[in-house]
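**Q** If you scroll down you'll find the structure; I have some questions about it.
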Amino acid sequence: MTRVGSWFRSNLWALLAVTVLGTGAVLYSFAFDWVSFQNRQPNEAVDIPRGEPGTLGAGTIVLEDLVVLAGDSDDGRRYDVAEGTDVVVADLRITPDPEGSEDNEDDYQTCDFFFRAPSPVGEREWWQTSYNPTTYPEPEDNGYGCNLGYGEAYDLRTYFVVPAGGADGGYVLASSEVLLPRALRLH
Amino acid sequence: MRKRIPAILALIGLMGGALLLHLTEPSDEQIQGPFVTYARFGEQVEGRNLTWIAEDAYLADRLTSADWIGETDGIWLVIEGTIGSRLDITSPDVSVLVGERRYIVSNRPGDAALGTSLAAGLPQSGAFVFELPRSVLESAEGTRVTARFATGFRVRLDSAIDMVLDLTSLEHKSTVALPQPGVVTS
Numbered sequence: 016m017t018r019v020g021s022w023f024r025s026n027l028w029a030l031l032a033v034t035v036l037g038t039g040a041v042l043y044s045f046a047f048d049w050v051s052f053q054n055r056q057p058n059e060a061v062d063i064p065r066g067e068p069g070t071l072g073a074g075t076i077v078l079e080d081l082v083v084l085a086g087d088s089d090d091g092r093r094y095d096v097a098e099g100t101d102v103v104v105a106d107l108r109i110t111p112d113p114e115g116s117e118d119n120e121d122d123y124q125t126c127d128f129f130f131r132a133p134s135p136v137g138e139r140e141w142w143q144t145s146y147n148p149t150t151y152p153e154p155e156d157n158g159y160g161c162n163l164g165y166g167e168a169y170d171l172r173t174y175f176v177v178p179a180g181g182a183d184g185g186y187v188l189a190s191s192e193v194l195l196p197r198a199l200r201l202h
Numbered sequence: 029m030r031k032r033i034p035a036i037l038a039l040i041g042l043m044g045g046a047l048l049l050h051l052t053e054p055s056d057e058q059i060q061g062p063f064v065t066y067a068r069f070g071e072q073v074e075g076r077n078l079t080w081i082a083e084d085a086y087l088a089d090r091l092t093s094a095d096w097i098g099e100t101d102g103i104w105l106v107i108e109g110t111i112g113s114r115l116d117i118t119s120p121d122v123s124v125l126v127g128e129r130r131y132i133v134s135n136r137p138g139d140a141a142l143g144t145s146l147a148a149g150l151p152q153s154g155a156f157v158f159e160l161p162r163s164v165l166e167s168a169e170g171t172r173v174t175a176r177f178a179t180g181f182r183v184r185l186d187s188a189i190d191m192v193l194d195l196t197s198l199e200h201k202s203t204v205a206l207p208q209p210g211v212v213t214s
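So the sequences go chain by chain: A and B. Take 16 as the starting number for the first sequence in this note's numbering and just add one per residue. Take 29 as the starting number for the second sequence in this note's numbering and just add one per residue.
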């Protein structure tokens, strides 16, 4: 035992080096996947209060209004919201890069809108619908899609269908694949 | 020489350990394979993002819906149930494994069968439909078929819901009208 102890003592630095290098090798092998995965999540999202502009890339986005049409309510029935669902109506003001140009391909920059809300199973996420799922009146001059790259400022009304009560405590997430992990949480 | 005995023993131990590690090392498939939950009729099971309740499974020679008639030289396997997404939008990837062969859910019924994307908290009920060769009914493999409900064709480090079926014991119907898929709200 004494000899073994003596051997460990005399090789202490070598054993420490093997332990540290082995642990480092394992961590290193996971690091790339982890960093790459984290960089594809909106981990650096910034909270923007209602009515305030948030900068995403070279453009700005303002959540001007957020209305929840509950299916099981007078408004829901009036606007044909499907029973058991709520429809979140988000009014956004998008101001693209004032210096961007349609002629410059590099200036082209889109973004996506999601609605996220807490739930007992974790934060849930819904994509915007590509159409108005209700008879809730559309603005006369409703924009289309998210263009942050160039052009005039415009209004965009977008919709999210969520389960009844699912919108409580929710927010609109604005993100662009090329700008992640930066994003905006519009409350 | 005696002084070197601990070093030699340590070397033999490390080499033995390395050999043991090498022999018991899980394959890539095992390391990255799915975390499987098994489903049974009438019970809700949950994966990371999918939920599934199987209600019925049967075979049919012919399927119909409002605007589709499904004729086949093979046989239809129909699995009725309710599938949902827990956290975010997902397109369920559903397939049936018969021995080494894998059959993906049929897209022939179009909107008359399940398979479209699911929004979080808005489960859909209806039927998944598979077009199989009749020979599976006579094969030994047909007695143990696995239906897999997942969020991708090749599931890596994610959950999957499996359901084991004996095709030879399922009810065999001649013509069946598919139930119209729809969102289930509580």
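Just so it is clear, CB atoms sit at the ideal spot from N, CA and C, and this is done for glycine as well. Since the model is a prediction, treat every value here as computed from it, not as a measurement.
Taking the straight line between their C-alpha atoms, what separation do you get for His200 of chain B and Tyr86 of chain B?
**A** Distance between the alpha carbons of His200 of chain B and Tyr86 of chain B is about 6 Å.
**Q** How big is the Cα-Cα spacing for Leu171 of chain A and Leu146 of chain B?
**A** Leu171 of chain A and Leu146 of chain B: Cα-Cα distance of roughly 25 Å.
**Q** What is the rounded straight-line gap between the Cα of Gly170 of chain B and the Cα of Pro154 of chain A?
**A** Approximately 57 Å between the Cα atoms of the pair.
**Q** Drop a sphere of 10 angstroms on the beta-carbon of Ile132 of chain B, count the other beta-carbons inside from all chains shown, and report buried for 16 or more, exposed for fewer.
**A** With fewer than 16 Cβ atoms within 10 Å of its Cβ, Ile132 of chain B is classed as exposed.
**Q** Can you grab the Cα-Cα spacing for the pair Arg129 of chain B / Ile63 of chain A, in whole Å?
**A** In a straight line, the C-alpha of Arg129 of chain B is about 52 Å away from that of Ile63 of chain A.
**Q** Please state whether DSSP places Tyr86 of chain B in a helix, a strand or coil.
**A** Residue state, collapsed to three classes: strand.
**Q** Under the assumption that Gln124 of chain A contacts Thr173 of chain A (Cβ atoms under 8 Å), give the Cβ distance between them as a whole number of angstroms.
**A** Going by Cβ atoms, the distance from Gln124 of chain A to Thr173 of chain A rounds to 18 Å, so no, they are not a contact pair.
**Q** Within its chain, find whatever has a CB closer than 6 Å to the CB of Ser119 of chain B; leave out the 5 residues flanking it on each side and keep chain order.
**A** The answer, listed in chain order, is Ser145.
**Q** Run through DSSP, which three-state label would Arg136 of chain B get?
**A** Of the three classes helix, strand and coil, the one that applies to Arg136 of chain B here is coil, per DSSP.
**Q** Residues of the stretch 72–106 of chain A in Cβ contact with chain B at a cutoff of 9 Å, in chain order, please.
**A** Listed by position, the residues of the stretch 72–106 of chain A near chain B (Cβ gap below 9 Å) are Gly86, Ala97, Glu98, Gly99 and Thr100.
**Q** Flag this pair as yes or no: are the beta carbons of Gly74 of chain A and Leu163 of chain A separated by less than 7 Å?
**A** The answer is yes: Cβ separation under 7 Å.
**Q** What's the C-alpha gap between Ala140 of chain B and Val61 of chain A?
**A** The straight-line gap from Cα to Cα measures roughly 42 Å.
**Q** Along the chain, which unbroken stretches of the beta strand (DSSP E) at least 3 residues long are found entirely within the stretch 93–125 of chain A?
**A** Fully enclosed beta strand (DSSP E) runs of 3 or longer: 100–110.
**Q** Which class does Gln152 of chain B belong to by DSSP, given the choice of helix, strand or coil?
**A** The answer is strand: DSSP assigns Gln152 of chain B an E or B state.
**Q** Let's test the definition: count the other Cβ atoms within 10 Å of the Cβ of Val50 of chain A and tell me whether it reaches 16, buried, or not, exposed.
**A** Exposed: under 16 other Cβ atoms inside 10 Å.
**Q** What is the DSSP secondary structure of Ala229 of chain A, counted as helix, strand or coil?
**A** No answer is possible for residue 229 of chain A: it lies beyond the span of chain A, which begins at 16 and ends at 202.
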